[in-house]
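K.L.:
Chains as they are written, first to last, in our numbering: chain E, 28 to 373; chain Z, 28 to 373; chain Y, 28 to 373; chain F, 28 to 373.
Glycine included, C-beta positions come from ideal geometry on N, C-alpha and C.
First, the structure itself, so that you have it in front of you.
There are 4 protein chains.
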Amino acid sequence: MIKAGIAGATGYVGLELTRLLSAHPGVSLIRLSSRSGNDQPIGDVYSSLTGCGLPSVSPIDAEELSKNCDVVFTALPHAASAELVGELHSRGAAVIDMSADFRYDDEAVYSEWYGVTHPCPELMKEAVYGLPELYREKIARSRIIGNPGCYTTCSILALAPLVKERLIDPSTLIIDAKSGVSGAGRSLSADKLLAELSGNCKAYSVAKHRHTSEIEQELSKLYGSKIVLSFTPHLLPVSRGIIATSYASLFNGSSAKELLDCLSDFYANEPFVTVFKEDALPELKHAVGTNRFCVGLIVDQRTNRAVVVSVLDNLIKGAAGQAIQNMNIVFGLDETEGLNYLPWTI
Amino acid sequence: MIKAGIAGATGYVGLELTRLLSAHPGVSLIRLSSRSGNDQPIGDVYSSLTGCGLPSVSPIDAEELSKNCDVVFTALPHAASAELVGELHSRGAAVIDMSADFRYDDEAVYSEWYGVTHPCPELMKEAVYGLPELYREKIARSRIIGNPGCYTTCSILALAPLVKERLIDPSTLIIDAKSGVSGAGRSLSADKLLAELSGNCKAYSVAKHRHTSEIEQELSKLYGSKIVLSFTPHLLPVSRGIIATSYASLFNGSSAKELLDCLSDFYANEPFVTVFKEDALPELKHAVGTNRFCVGLIVDQRTNRAVVVSVLDNLIKGAAGQAIQNMNIVFGLDETEGLNYLPWTI
Amino acid sequence: MIKAGIAGATGYVGLELTRLLSAHPGVSLIRLSSRSGNDQPIGDVYSSLTGCGLPSVSPIDAEELSKNCDVVFTALPHAASAELVGELHSRGAAVIDMSADFRYDDEAVYSEWYGVTHPCPELMKEAVYGLPELYREKIARSRIIGNPGCYTTCSILALAPLVKERLIDPSTLIIDAKSGVSGAGRSLSADKLLAELSGNCKAYSVAKHRHTSEIEQELSKLYGSKIVLSFTPHLLPVSRGIIATSYASLFNGSSAKELLDCLSDFYANEPFVTVFKEDALPELKHAVGTNRFCVGLIVDQRTNRAVVVSVLDNLIKGAAGQAIQNMNIVFGLDETEGLNYLPWTI
Amino acid sequence: MIKAGIAGATGYVGLELTRLLSAHPGVSLIRLSSRSGNDQPIGDVYSSLTGCGLPSVSPIDAEELSKNCDVVFTALPHAASAELVGELHSRGAAVIDMSADFRYDDEAVYSEWYGVTHPCPELMKEAVYGLPELYREKIARSRIIGNPGCYTTCSILALAPLVKERLIDPSTLIIDAKSGVSGAGRSLSADKLLAELSGNCKAYSVAKHRHTSEIEQELSKLYGSKIVLSFTPHLLPVSRGIIATSYASLFNGSSAKELLDCLSDFYANEPFVTVFKEDALPELKHAVGTNRFCVGLIVDQRTNRAVVVSVLDNLIKGAAGQAIQNMNIVFGLDETEGLNYLPWTI
């Protein structure tokens, strides 16, 4: 059994890690810790977890975590996360970091978009970007995984094969994404209250959302030159899930079949990717509750554009599930272990 | 008092017409009729209306409606609506038609997108497209109003001034729209059940939604040449409202201020249009419950694109409210009468 | 035109007063004020109100309010509200108070349930309990109205005639009530976030909710001796509305018809009360968006109990709408003016 | 591996059985069948299951199911289910029946409440009521399990120990239950559409819901004499979960501690029951996504009543999860296998 700990267990990502790890047959979840931890029952933080037999929430102690855990999932705000990762790494723990701190190749890009100096830039080189569909082999050999963002995963996986094979024109790329509110975390604000968010929908961080830079980094590498794209996130009045609708002009007037074949070939052996057949598109709930990423597309011949629709659960394939997938890879488990769930259709 | 009747009172648009007209100080709502009408209480159709003192639901009788009503709102499926409009018009009633039948300049475009032959093409010429912000004067003199579609109104009003003034490149236009489920009407299907739609979101009719043709018709006239654009509707797990996020490249690298000034000038005297200030964007709930149309935008200098966000209530400014606004114009009332509501924020 | 002001305009009740008063044909809403007011636009507090042409939010100034307003609606927390009411009243304004401060006959009961000493007990005698169906004549002559609580109105109106006519045994009375979250106000807490409340439902304040005392006060007076009852509030994952299911044993084995006749007789001339026919029951949405109170019942002969179901909109008939109804009475307007809306069925 | 099949896989209970069984480590789900089955992919019925690698939906064939499956879950309407159960049982399959057909001791009670003659009354004697907390030993030896109803389980488990130990007066028992709409199944009706149910809540089948008879049967046996009680179901605007608030007068003025001790003792070794501590109550979401049953209570000394709040997921502990728990018992597996999930808090 892999002994796992969570640092930052009381946020939504920490909660989801707790939920999934506690049902993982190969994992013993031995430590829940949080910056606000004082050994209270987790049921004091999420009353739904009352009586579920989970560890109490301890303060974060890097030494103790490193000594007792084979792997630590760090889910703190950026910069704070990197500091802890450094301490854990130097003491020998494998670390899967949920923050943005180890997602970037270039420290300058990180600093520009996050507005902080990276606390331990030397570790950035040791880290691997934790997107198994692109970096499985490197992940298997790494001890620091920078787990990708939620919007990022949903966008990159939808577009990577098409960009790599130069079927779409990246200069025309527009990603219109819609996310459940759990992506915004548990911090309190009136616009997230049910009374105000229920029945609402809004765009936010238009032309400046931080995940833009992460999407551009990965797509640019695949394309071979710098891509700049439009990314617009929207808040949906639902708890979970991201649906991204991406638009791009076709380079060669490819058919829907050609584009879908490109996706199917690229993801032929991927356990968590479903490429939809022609004329079918995934819906948000196809992914909710699962580690799936689903993608489908329509070619609009009137406008010579591809419209690509992709979905995932922001807390699972967009965060905790992908982190566990990465853990499975690092520890040599079957990649799907603890992650084989059908969607929450109802 | 204007004597008003509704033909097709039992659908969602008919229900909203009933709700708004019954509170309109200048209107006496004397007739609710429906193809399934047999003089049953409207409370048998919508139990919430039990005991509200409304007329019962009669069968549709063009002669009776024409004789007793100054204005008839027709809310039947396309083609069926046109037939009734013809009968009502020939008998002298002013008609505001909620279907697509009188929205098109060109019968061929209508036939192509709706897949039917128009039952009375000769009347198409007499009809005026009921978008007051573009055709107020013509509406005032007309007896057949083709009330615009919901997505259509939300899209055209957002883009008309920018297209007309050639600030954005229409060949790059992409409209990503999200609508509450009332837009899909009351017909029963599993995907509209709360158990399945709650927590869901999906794209549908991608690259082939009928409202595309209506948007293109109006924007093309303003631009002076044929525009072909991408329009993608999405279903939101909410009852009401449309939010459209539109993308277009800037012709001349205009600033957000220049674009907003263009919108503000165009809509300077419009009672139902709110143009947002720089850096602010409207949200779905800014419009829900009202006849407002709200628009704001961001200029993304990285990509040289404008991102325009517009919202309205699909049942009000997108249907019943706009119809009443048209009625007010036709009958010389204050245009805002019966429509001056603040949004349902909570 | 009645000049109206609101003190406490930024809470949910204040917001609803603003919404309804701004559409009231006999009212000029001239002042929005709040303890946090500093002349900011109301759109800074509720962005949905951006561009709606409302007054900005001023600080609360009793002298200024009294001088300029014919009526002031006070919507502050208990005790704080009474202090302001005293200042406004002494300066001559009619006051309709939304807090609990002027709802009680007995200062001791107020102190026991609210845990504070009343700031101006001498004014309690001058105030009238603002439930028009019971106290219309007194309200017409009063200058201080203690507007009833939301659960209270929904419970009292359902049971008052049956208790008064001794058709049900008050010692067996159990009220199981379910409310939308707007009843809990705008204060921030994690359990009111959409991510956590959506899909949830819970009982709270069981056997100790303050409204219990208000219900008992009014029903006891009608019955002629002290009634003690069980009241259990529940939080629904919706924004608005209360549905109360009340249970009581029948004194004389009355039929449903007899009970319904009792209700119908009692409310024969009430503009906002709908008594449902036998075998029909009101639903939450029958009331949402309106000042209606709807009631229906079933007699369970197996258990000799009546099951009474009643609904209202907690922000309208349960708060702002009832306050405006009271205002209409005080100022001699038609009691339904500004309140004649059909429900928000969709 | 236990080979399992489902007859009636396309309803909501069948869907939930599919979801849970496909992740059960000891089960091979080899057959999905349905009366509408014609070997179509299950993704044609629930598009969310597209690409999930499940069996297609075959027609129901008792012989084929019996030959290939160790256990068949029958989820058909009452009466239809019993006929199939008879065929499966005579061919040797273990059967867990989700309908009401094998829940009753007395054929007459079944006929009275369900309005049909039982198709195979002789099998009723062979069947065991599948509530493990009451009948675990019998279940282990049975080949026909009558899986309890959802409201039933939530009500019986809350009250059984208190009734058995005569701490509450059953003649005063009132159960006010609230359920998510999945309990009403997938049949289409306008009142279940999101546009109409969202924001709504209603009581239904008051004083005549069929589950009343099942609750009375079980509590009466524990009490030793006939109990007649009030049961009122309500529809919540959520997909899943039941919360029941039960009221009863105390026989001996017991304290909350005494009542809670009674519950804790009764359920001391139950893996899926959580008894809450004094002053704490479970909420709907404590159970959603799990096979848990949670119960807590308050004693109201003012009225000498206990208020008991209980929750479960209607599709899991109220249906599919309980069925799998029964299967685990019948086949000698660890009772929690395939059912150890934390709640879907978000």
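Between residue 297 of chain E and residue 164 of chain E, how many whole angstroms is the CB-CB distance? I'm expecting something under 8 angstroms.
P.N.:
The pair is not a contact, with the Cβ atoms about 14 angstroms apart (cut-off 8 angstroms).
K.L.:
Between F:204, F:337, F:327 and F:332, which has its C-alpha nearest residue 313 of chain F's C-alpha?
P.N.:
When each option's Cα is compared against that of residue 313 of chain F, the closest is F:337.
K.L.:
Where do the ends of the beta strand (DSSP E) carrying residue 321 of chain Y lie?
P.N.:
It spans 320-327 - the beta strand (DSSP E) in which residue 321 of chain Y sits, taken as one unbroken run.
K.L.:
What residues of chain Y sit near residue 50 of chain Z, judged by a beta carbon separation below 8 angstroms?
P.N.:
Within chain Y, the residues near residue 50 of chain Z are 367, 368 and 369.
K.L.:
Measure the Cβ-Cβ separation of residue 169 of chain Z and residue 209 of chain Z and say whether it is below 8 angstroms.
P.N.:
Cβ distance not < 8 angstroms, so residue 169 of chain Z and residue 209 of chain Z don't count as in contact.
K.L.:
Drop a sphere of 10 angstroms on the beta-carbon of residue 28 of chain Z, count the other beta-carbons inside from all chains shown, and report buried for 16 or more, exposed for fewer.
P.N.:
The residue in question, residue 28 of chain Z, is exposed, as its Cβ has fewer than 16 Cβ neighbours within 10 Å.
K.L.:
Under the three-state reduction of DSSP, which class applies to residue 131 of chain F: helix, strand or coil?
P.N.:
Coil at residue 131 of chain F, not helix or strand.
K.L.:
Compare the Cα-Cα distances from residue 384 of chain Z to each of Z:276, Z:40 and Z:227 and report the closest residue.
P.N.:
Any property of residue 384 of chain Z remains undetermined from this structure, which presents chain Z solely from 28 to 373.
K.L.:
Indicate whether residue 292 of chain Y and residue 315 of chain Y have their beta-carbon atoms separated by less than 8 angstroms.
P.N.:
Cβ distance not < 8 angstroms, so residue 292 of chain Y and residue 315 of chain Y don't count as in contact.
K.L.:
Contact check, residue 325 of chain E vs residue 234 of chain Z under 8 angstroms by CB: the rounded distance?
P.N.:
Going by Cβ atoms, the distance from residue 325 of chain E to residue 234 of chain Z rounds to 5 angstroms, so yes, they are a contact pair.
K.L.:
Which residues mark the beginning and the end of the alpha helix (DSSP H) in which residue 261 of chain Z is found?
P.N.:
Premise fails: residue 261 of chain Z lies in the beta strand (DSSP E), 257-262, not in any alpha helix (DSSP H).
K.L.:
How long is the line joining the alpha carbons of residue 62 of chain Y and residue 39 of chain Y, rounded to whole angstroms?
P.N.:
Distance between the alpha carbons of residue 62 of chain Y and residue 39 of chain Y: 14 angstroms.
K.L.:
With residue 332 of chain Z as the anchor, note down where its beta strand (DSSP E) starts and where it stops.
P.N.:
Per DSSP, residue 332 of chain Z belongs to the beta strand (DSSP E) from 332-339.
K.L.:
Label residue 144 of chain Y either buried or exposed according to how many other C-beta atoms from any shown protein chain fall within 10 Å of its C-beta, with 16 as the threshold for buried.
P.N.:
Exposed, by the Cβ-count rule.
K.L.:
The region 324-353 of chain F: which residues have C-beta closer than 7 angstroms to a C-beta of chain A, in chain order?
P.N.:
In the structure shown, chain A cannot be found, because the protein chains are E, Z, Y and F.
K.L.:
Helix, strand or coil, according to DSSP, for residue 281 of chain Z in the structure here?
P.N.:
Three-state result, residue 281 of chain Z: coil.
K.L.:
Suppose only complete runs of 3+ residues qualify. What are the beta strand (DSSP E) ranges in the region 75-130 of chain Z, listed by chain order?
P.N.:
The region 75-130 of chain Z contains these whole beta strand (DSSP E) runs: 98-101 and 121-124.
K.L.:
Please classify residue 130 of chain Z as buried or exposed, where buried requires at least 16 other C-beta atoms within 10 Å of its C-beta.
P.N.:
Burial call: buried.
K.L.:
By Cβ distance below 6 angstroms, which residues in the same chain neighbour residue 154 of chain Y in space, the five residues on each side in sequence not counted?
P.N.:
Taken in chain order, the residues that qualify are 129, 171 and 173.
K.L.:
By Cβ distance, which residues of its chain are closer than 6 angstroms to residue 140 of chain Y, with the 5 residues on each side in sequence left out?
P.N.:
The residues are 237 and 240.
K.L.:
Pairing CB atoms from the region 243-262 of chain Z with CB atoms from the region 276-287 of chain Z, are three or more of them under 8 angstroms?
P.N.:
No: fewer than three Cβ pairs fall under 8 angstroms.
K.L.:
What does residue 270 of chain Z reach in chain E if we use C-beta pairs closer than 8 angstroms?
P.N.:
Correct list: 228, 229, 230 and 261.
K.L.:
Comparing alpha-carbon positions, which option in Z:186, Z:342 and Z:201 lies nearest residue 274 of chain E?
P.N.:
Checking every option, the nearest Cα to that of residue 274 of chain E belongs to Z:201.
K.L.:
Can you look up residue 173 of chain E in the DSSP assignment and give me helix, strand or coil?
P.N.:
Looking at residue 173 of chain E - three-state DSSP - the assignment turns out to be strand.
K.L.:
Are the C-beta atoms of residue 165 of chain Z and some chain F residue less than 8 angstroms apart?
P.N.:
So, not an interface residue.
K.L.:
Would residue 97 of chain E be called buried (16 or more neighbouring beta carbons within 10 Å of its own) or exposed?
P.N.:
Flag for residue 97 of chain E reads buried.
K.L.:
Give the C-beta separation of residue 51 of chain Z and residue 351 of chain Z to the nearest angstrom, bearing in mind that I take them to be a contact with Cβ-Cβ under 8 angstroms.
P.N.:
Right, the Cβ-Cβ distance comes to about 7 angstroms (below 8 angstroms), so this counts as a contact.
K.L.:
When you compare only the Cα positions, how much space is there between residue 310 of chain Z and residue 184 of chain F?
P.N.:
About 46 angstroms.
K.L.:
Closer than 7 angstroms, Cβ to any Cβ of chain Y: which residues of the region 291-302 of chain F, in chain order?
P.N.:
Here the close residues number zero.
K.L.:
Contact criterion: CB-CB distance below 8 angstroms. Does residue 73 of chain Z meet it with respect to chain Y?
P.N.:
Chain Y, which has a Cβ nearer than 8 angstroms to the Cβ of residue 73 of chain Z, makes this yes.
K.L.:
Find the residues of chain F that neighbour residue 209 of chain E, judging by a C-beta separation of less than 8 angstroms, and give them in chain order.
P.N.:
In chain order: 373.
K.L.:
Can you tell which of E:229, E:191, E:68 and E:245 has the C-alpha that lies nearest to the C-alpha of residue 175 of chain E?
P.N.:
When only C-alpha atoms are compared, the closest one is E:245.
K.L.:
Can you give the beta carbon distance from residue 108 of chain F to residue 101 of chain F, rounded, assuming they're within the 8 angstroms contact cut?
P.N.:
The pair is a contact, with the Cβ atoms about 5 angstroms apart (cut-off 8 angstroms).
K.L.:
Using only CA atoms, which one of E:294, E:41 and E:113 lies nearest to residue 158 of chain E?
P.N.:
Taking only the C-alpha atoms, the option nearest residue 158 of chain E is E:294.
K.L.:
Spell out the partners DSSP gives residue 233 of chain F in its beta bridges.
P.N.:
According to DSSP, which records beta bridges pairwise, residue 233 of chain F is partnered with nothing at all.
K.L.:
Going by DSSP, which residues form a beta bridge with residue 347 of chain Y?
P.N.:
None, per the DSSP bridge assignment.
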